[in-house]
Every structure is written in C-alpha cells, then in structure tokens.
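K.L.:
This structure is in structure tokens; I'll ask about it shortly.
In the numbering used here, the protein residues as written are 3 to 170.
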C-alpha cells in the first residue's frame, strides 16, 4: 500500500544483510495468504497505525497520515491478518501506543493469541510509557512476562541499550 515505505524497509533489510531471513511484501495486507507468501510465518512483526480515526492531529503528508492513523485499515483487521499469517505457537510482535494496551490485549485474546511478553517504552526514566511492545503466541498458554522498561534516552543522548541496538 505504501511503496515508498516498502522500499525503505527493503533498503534496511539489505543494509543489515538480512535478505535470507526477511522478506518485505509491498501489498495490501488484507490480500495476504499463506499461498501468496510461501507459507505461514514463524514470526510476524507489526507496527500498525497508533491513532483511531478522528483522534489526534492528522498529518498533512498522505504517507505519514496513513502510517499513523487507521485510515486504510484498523487494528482489529490488522490483527486478523497477522493471526492468519503466523504459525500456531509462532510469535506475533507488535508495537502500539500505550494508551491502547487494553484494547490490543482484548483483540489478541479474542483471536486466540495469548500475550506472552510486555515491555513498556519510555522517552527517559522520568516519563510515562508512550509505547508498548507486546509479543503474543497463537495457542500459547496463559502467563505474561512483564519485562524491564526500555528507556530511549539518557539525558540528551540515546540510552546505552538503544546505542547497542543501533550498532551494526
């Protein structure tokens, strides 16, 4: 749906020499099936729009608006496609706005995806979590591990953990 962003993703995959492990598919995700992708996946990573329609300031850039707001597809439909594409006992990893955590957990469970790990993401040690990282497993048993928070910044610089993530 967003060819420019798919091209950017492909460039990142190549820059990290992950072509053998990661395939970028530039298509409307509602059209994805195991047949069109070569099978169901061990891991599906999803960065859906954070904002519901009619909430927040709509970015004047069409690309950014679609990426940030549920204009083209909503969270429930995104999760349905993700569930269809991930193996039973595979992993779905999703980032979402912290304010939507309850909604996300409800949708996951309604689709038979059990939340297994949760990590909050904070700008720094003084701020509330703006984002959450959630890993779910279709057919997984109950039990949620709450991981230590991820702090993006330490003062005016990226935190040590973020610097490590950014290393090649």
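Where a beta carbon is used, it is the ideal one built from N, C-alpha and C, also for glycine.
Remember, it's a predicted structure, so these values are computed and weren't measured experimentally.
#1: Can you tell me the Cα-Cα spacing of residue 151 and residue 42, whole angstroms?
#2: Please report how far the alpha carbon of residue 62 lies from the alpha carbon of residue 53, in whole angstroms.
#3: Given this structure, state the Cα-to-Cα distance separating residue 169 from residue 163, to the nearest angstrom.
#4: Could you give the distance in angstroms between the alpha-carbon of residue 139 and the alpha-carbon of residue 116?
#5: Count the other CB atoms within 10 Å of the CB of residue 45; is the residue buried (16 or more) or exposed (fewer)?
#6: Please report how far the alpha carbon of residue 137 lies from the alpha carbon of residue 167, in whole angstroms.
#7: Looking at C-alpha atoms only, which residue of 126, 8, 24 and 99 is the closest neighbour of residue 120?
P.N.:
Judging by the given coordinates:
#1: Residue 151 sits at position 149 when you count from the first residue of the chain shown. Residue 42 sits at position 40 when you count from the first residue of the chain shown. Whole-angstrom Cα-Cα distance: 31 Å.
#2: Against the chain shown, residue 62 aligns to sequence position 60. Against the chain shown, residue 53 aligns to sequence position 51. About 15 Å.
#3: As a working mapping, residue 169 is identified with position 167 in the chain shown. As a working mapping, residue 163 is identified with position 161 in the chain shown. Each residue's alpha carbon lies about 10 Å from the other.
#4: Numbered from 1 along the chain shown, position 137 holds the residue referred to as residue 139. Numbered from 1 along the chain shown, position 114 holds the residue referred to as residue 116. If you draw a straight line from the Cα of residue 139 to the Cα of residue 116, it comes to about 5 Å.
#5: What you label residue 45 is simply residue 43 of the chain shown in a count that begins at 1. When all chains shown are included, residue 45 counts as exposed.
#6: Against the chain shown, residue 137 aligns to sequence position 135. Against the chain shown, residue 167 aligns to sequence position 165. So the alpha carbons of these two residues sit roughly 18 Å apart.
#7: Counting from 1 along the chain shown, the entry for residue 120 is found at position 118. Checked all of 126, 8, 24 and 99; the closest Cα to residue 120 is 99.
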